[in-house]
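Take a look at the structure set out below.
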Amino acid sequence: MFNRKVSLKKHLANVHRNRNTERLECKYCTKTFANKDGLNNHTMLKHPTELSERTFKHYICQDCGEAFKSPSQLKYHMTKHSDT
Numbered sequence: 020m021f022n023r024k025v026s027l028k029k030h031l032a033n034v035h036r037n038r039n040t041e042r043l044e045c046k047y048c049t050k051t052f053a054n055k056d057g058l059n060n061h062t063m064l065k066h067p068t069e070l071s072e073r074t075f076k077h078y079i080c081q082d083c084g085e086a087f088k089s090p091s092q093l094k095y096h097m098t099k100h101s102d103t
């Protein structure tokens with residue numbers, strides 16, 4: 020329950036913002052999430068080993084969090100986000 024209308028609006032914008040759009044899928048398992056925060060929390064808790072393997076990859080996709088060794092790999096990857 021929310022005491023103020025602004026609190027409800029903030030909650031809806033942050034937690035339920037992707038309700039009408041495609042869900043975000045974990046790249047390590049089949050679980051899906053409505054927002055990046057849920058996906059990031061899940062990944063840190065359930066897949067810490069896989070995350071540690073990313074540490075040598077410095078080019079991170081701001082849309083999905085996938086990491087790459089070179090800027091050219093990231094640039095190629097970004098084309099899949101713009102094909103919608």
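Reminder that position 32 of the sequence shown reads as 51 in the numbering used here, one-by-one numbering, no gaps. Cβ coordinates follow ideal geometry from the N, Cα and C atoms, glycine included.
State the CB to CB distance for the pair H61 and F52, rounded to an integer number of angstroms; the pair is presumed to be in contact (CB under 8 Å). Residue mapping note: residue 61 aligns to position 42 of the sequence shown, counting from 1. Residue mapping note: residue 52 aligns to position 33 of the sequence shown, counting from 1. Correct: roughly 7 Å between the Cβ atoms.
Drop a sphere of 10 angstroms on the beta-carbon of L27, count the other beta-carbons inside from all chains shown, and report buried for 16 or more, exposed for fewer. Mapped onto the sequence shown, residue 27 falls at position 8. With fewer than 16 Cβ atoms within 10 Å of its Cβ, L27 is classed as exposed.
The alpha helix (DSSP H) with S26 in it runs from where to where? Residue numbering aside, residue 26 sits at position 7 when the sequence shown is read from its first letter. Its alpha helix (DSSP H) spans residues K24 to V34.
Would you call the CB atoms of K99 and F87 closer than 9 Å? Within the sequence shown, the letter at position 80 stands for residue 99. Within the sequence shown, the letter at position 68 stands for residue 87. Cβ distance not < 9 Å, so K99 and F87 don't count as in contact.
Contact check, K24 vs C83, beta carbons under 9 Å: Your numbering for residue 24 matches position 5 in the sequence shown. Your numbering for residue 83 matches position 64 in the sequence shown. Cβ atoms of K24 and C83: not closer than 9 Å.
How would you label L64, buried or exposed, when you count the other beta carbons within 10 angstroms and need 16 or more for buried? Numbered from its first residue, the sequence shown carries residue 64 at position 45. Exposed is the call here.
If you draw a straight line from the C-alpha of S89 to the C-alpha of H30, how long is it? If you number the sequence shown from 1, residue 89 lands on position 70. If you number the sequence shown from 1, residue 30 lands on position 11. When rounded, the distance between both Cα atoms is 36 Å.
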